[in-house]
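Chains as they are written, first to last, in this note's numbering: chain A, 204 to 593; chain B, 204 to 593.
Beta carbons are placed, not taken as given, at the ideal position from N, Cα and C, and that holds for glycine.
Heads up: the structure comes next, in structure tokens.
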């Protein structure tokens, strides 16, 4: 039974040319290494970068981890710009090439930073022995892209990690960790940059973390509405501005009214405050603290990564939490606050910790080296997930 | 209980500067529209692009759907380059900005083409009524990132769509569609560019497609081994070269020995040939035809999108399929072949169809306008998923 149909359309996107170029390129080259390979991590943990641009006048490697300033690259006879840096400490890095003054991603590298405002390639330098964030030969959980009805009739995307052993036919129920990403990061950041799934796979295999579900929502409700309903997509406002608080309330409403009920219905959760944690990085840390303090009936584990609340907001908005530390301490299984000593929020976070101490509110803290980085986020994830639900 | 720890590390990645810049930028601007908004689809389906680059000398918009050649952009007084094009036919487009001769992605757009060799931003122009690939207000399935043990001890990533109604506690079982992406595309392409999940959500809601599981593996086994085991990451070889066939055999072995058993164990599948389909685009179409013809005991539904096999390979390698068309036709529930009339593979595919006809092997075909594009892939997905498992 043959069925033929002819359709014509105009304005079709031509990948033809591109694909044809790739084909011709492949044909013109020997079978090994016909493409530029970049980046390559060498056995001594030096990293070699390459970028094909015969007509460029100047190419530099830009990435905070690779040098104090941009590193010049050298052009070879066929027009490939190269540089080798390091040895580099095994960790996660982002980088760009700066081509005649223009920042680009590495075309040969499919890993990138999922973000709304900048475009950077990602490099995960493996350890001599596998890092806690590496793909190891252990049972793996999965990360599920789910769609739920969010505010104003929009459709929200949320990522859900289920641990190994989350047998789809079993009846076992799990605690849930809600994890909120920072300004301009998308809901993919804790998955694609944080490797929270592999960290948990490894910690669970070692018996160091309890099997848990991790839920990663998108933090910028206004941008979602603008995107789906039309209109200009707004930027995140300055943290601690009145508009920022209004928006955080809206996020909190979406999380508690839409996301949590969706997750509790679709997954085998233990739907009570003793089995519900919330954590977040940067703006997501502010959303975490506020959402938790507004809803102590729903959360008893709180993790703020590189984030704080101002003292005056604590006094005015969370008076019952501040004025009755004994009750607060009894309700909270964990209040965790961590920050790097080079983080631009370091002083704010330190003040917050001193404030909590003066109010006799218990907390755990971790001060690391480094700045406002995803390297630190991975460290904080590794530390806190071992504390949760125990 | 306070727990403090001081750690120092060197070579930490500084998002500090970046974030600080963002903060300052936000502060310096009015609260509405402090960032460049790009792209914006206007109500008449014209599309406005913007790119902030005060020091650039020339910026163009590059994207096959937007004009015969690159479209010049105009700089405004604060250094934002702008152009509005269209009206544009509602569909999926990729584009770049060419900044003083350098191709970059749109920094303000988080949607991009998941590919190993090029970096392009994606624009999905919505219809006046929602397209079949759009997020509609219907029950949604989910897309799961799963990890399995692949060849040579590597860990493979595979995406698995489960349909709405795949109740994790029910006992209903589903047919499975294995879907293989093309050269240099990653396992995310059918999800992030093809929107196969939303297409199926919508078709299932309309009663036009049977609920099914869709499995999206990664097609470049050699690249995975190189990446995880070290060594240069090889390019895909020219299609139909001996090396290409060897690699396709390796892909087929991974699919049949590792992926299918993994999926049949982790999901509620109906694990027989009548309920197993395979399809693919471009190189993935070649992998589809070969994997199916090597394993007619495992697949009875075959979909080749912009792909074909050469006659001499059909004669030599699949002699039993060619020499006994009656038996072949009885075994195959569907052999589908589609291509665009401007596709660079059009002549090869047309020859393949004529060859099948001459051998009295039944097939269904669809010839569309356009080229080797993901617009066409979406069309082919929409057509074929309505035929499967019926």
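- Boundaries of the beta strand (DSSP E) harbouring residue 283 (chain B): 283–288, taken from the DSSP string.
- Three or more pairs of CB atoms, one per stretch, sit closer than 8 Å, so the stretch 289–296 of chain A contacts the stretch 246–264 of chain A.
- Going by DSSP, residue 351 (chain A) is part of the beta strand (DSSP E) stretching over 345–352.
- By DSSP's assignment, residue 483 (chain A) forms a beta bridge with A:383 and A:507.
- Among the residues of chain B, those whose CB is under 8 Å from the CB of residue 305 (chain A) are 256, 259, 302, 303, 305 and 307, following chain order.
- The three-state secondary structure of residue 545 (chain A), taken from DSSP, is coil.
- Residue 522 (chain A) is not a Cβ neighbour of residue 489 (chain A), given a cutoff of 8 Å.
- For the stretch 337–352 of chain B, the residues whose beta carbon sits under 7 Å from a beta carbon of chain A are, in order, 338, 343, 345, 346, 347, 348, 349 and 350.
- The residues 496, 499, 517, 531 and 564, in chain order, have a CB closer than 8 Å to that of residue 524 (chain B) in the same chain once the five nearest residues on each side in sequence are set aside.
- Residue 525 (chain A): member of the alpha helix (DSSP H) spanning 522–526, first to last residue.
- A direct Cα-Cα distance of roughly 9 Å separates residue 369 (chain B) from residue 414 (chain B).
- Rounded to the nearest whole angstrom, the C-alpha separation of residue 294 (chain A) and residue 334 (chain A) is 8 Å.
- Across the structure, residue 462 (chain B) and residue 379 (chain B) are spaced so that their CA atoms are roughly 12 Å apart.
- Closest in C-alpha terms to residue 585 (chain B), from the list B:548, B:506 and B:529, comes B:506.
- Within the stretch 312–330 of chain A, those residues whose Cβ lies closer than 7 Å to any Cβ of chain B are, in chain order, 313, 317, 318, 319, 320, 321 and 322.
- The residue among A:469, A:559, A:569 and A:318 with its C-alpha nearest the C-alpha of residue 508 (chain A) is A:569.
- A direct Cα-to-Cα measurement between residue 426 (chain A) and residue 487 (chain A) gives close to 15 Å.
- Contact of residue 358 (chain B) with chain A is assigned, a C-beta pair being separated by under 8 Å.
- Of the residues B:576, B:591, B:430 and B:513, the one whose Cα lies closest to the Cα of residue 482 (chain B) is B:591.
- Residue 388 (chain A) has its alpha-carbon roughly 11 Å from the corresponding atom of residue 577 (chain A).
- Approximately 4 Å separates the beta-carbon atoms of residue 351 (chain A) and residue 465 (chain A); this is inside 8 Å, confirming the contact.
- For residue 278 (chain A), the beta-bridge partners assigned by DSSP are A:284.
- One thing to note: residue 471 (chain B) has its Cβ within 8 Å of the Cβ of residue 376 (chain B).
- With respect to chain B, the C-beta atom of residue 389 (chain A) has a partner C-beta closer than 8 Å.
- Of the other Cβ atoms in all chains shown, fewer than 16 fall within 10 Å of the Cβ of residue 550 (chain A); this residue is therefore exposed.
- About 17 Å separates the beta carbon of residue 263 (chain A) from that of residue 239 (chain A), a gap too long to meet the 8 Å contact definition.
- Residue 447 (chain B) and residue 422 (chain B) have their C-alpha atoms some 12 Å from each other.
- Taking a Cβ-Cβ threshold of 7 Å, the residues of chain A close to residue 310 (chain B) are 320, 321 and 322, in chain order.
- Considering only B:408, B:364 and B:331, the residue with the shortest C-alpha distance to residue 432 (chain A) is B:331.
- Its chain contains 239 and 241 as the residues whose beta carbon lies nearer than 6 Å to that of residue 311 (chain A), once the 5 sequence neighbours on both sides are disregarded; these appear in chain order.
- According to the DSSP secondary-structure assignment, residue 369 (chain B) is paired through a beta bridge with no residue.
- Unbroken beta strand (DSSP E) stretches of 3 residues or longer found wholly inside the stretch 407–465 of chain B: 416–419, given in chain order.
- Rounded to the nearest whole angstrom, the C-alpha separation of residue 456 (chain B) and residue 360 (chain B) is 16 Å.
- The residue among A:429, A:344 and A:539 with its C-alpha nearest the C-alpha of residue 354 (chain A) is A:429.
- Beta-carbon to beta-carbon, residue 366 (chain A) and residue 344 (chain A) are separated by about 4 Å, close enough to satisfy the 8 Å threshold.
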